[in-house]
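The block underneath contains the structure these notes are about, expressed in structure tokens.
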Amino acid sequence: MLKNINIKNKRARFDYEILDTYTAGIVLGGTEIKSIRLGKASLSQSFCEFNDKGELFVINMQIDEYSHGGYYNHRPKAERKLLLNKRELKKLHKEVATSGLTIIPLNLFINEKGLAKVNIGLAKGKKLYDKRETIKDRDNKRNLSRIKKDFNN
260 MLKNINIKNK RARFDYEILD TYTAGIVLGG TEIKSIRLGK ASLSQSFCEF
310 NDKGELFVIN MQIDEYSHGG YYNHRPKAER KLLLNKRELK KLHKEVATSG
360 LTIIPLNLFI NEKGLAKVNI GLAKGKKLYD KRETIKDRDN KRNLSRIKKD
410 FNN
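Its first residue numbered 260, the sequence shown is counted upward by one per residue in this note's numbering.
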């Protein structure tokens with residue numbers, strides 16, 4: 260009965276080169292988790308930032324309002340705190356501060372226990388020619404698989 264929720268950030272791997280990935284918990288209110296279970300969330304245009312206390316927040320993540328929420332509904336684009344161990348937070352903070360890397364949410368899912376988790380990636384922005392190379396590689400793989408398929412038939 261439990262529907263598998265896996266909301267992806269499709270632009271992330273196209274716009275950024277992912278260097279390292281982490282799985283983080285996310286602090287949510289009641290109507291937020293209900294909306295996520297219905298699949299009403301989007302990670303496009305979202306990113307992660309540290310606040311003054313060294314806590315990691317996901318910014319610009321869209322979770323639509325819950326239809327039966329009423330007065331207690333949440334704000335759709337609120338900042339949401341990510342939960343990682345202290346060691347991982349310190350490592351990420353150091354990487355972002357020293358080498359100018361970005362932290363990008365890659366996908367949002369619900370684990371076996373029913374908890375919402377976010378896969379985040381330490382990323383470096385791609386240049387235009389890198390994006391063209393990615394498109395060219397994708398087209399080459401598609402053509403190669405098409406040729407293999409025709410050859411096997």
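Glycine included, each C-beta is placed from N, C-alpha and C at the ideal position. In this text, all values refer to a predicted model and were calculated from it rather than measured experimentally.
Put residue i into one of helix, strand or coil per three-state DSSP.
i	result
residue 281	strand
residue 275	strand
residue 404	helix
residue 206	Residue 206 is absent from the structure shown; the chain starts at 260 and stops at 412.
residue 394	helix
residue 268	coil
residue 387	helix
residue 411	helix
residue 321	strand
From residue i to residue j, what does the alpha carbon distance come to, in whole angstroms?
i	j	result
residue 337	residue 291	10 Å
residue 340	residue 393	32 Å
residue 304	residue 271	9 Å
residue 311	residue 399	46 Å
residue 355	residue 408	44 Å
residue 343	residue 410	49 Å
residue 379	residue 289	23 Å
residue 362	residue 412	45 Å
residue 281	residue 351	10 Å
Under DSSP, the alpha helix (DSSP H) around residue i begins and ends at which residues?
i	result
residue 289	289-296
For the beta strand (DSSP E) that residue i lies in, which residues bound it at each end?
i	result
residue 308	306-309
residue 378	375-384
residue 317	315-318
residue 366	361-369
In or out: residue i buried (at least 16 other Cβ within 10 Å) or exposed?
i	result
residue 322	buried
residue 326	exposed
residue 317	buried
residue 302	buried
residue 373	exposed
residue 331	exposed
Handout entry: Minimum length 4: unbroken alpha helix (DSSP H) runs contained in the region 331-358
Key = 345-358
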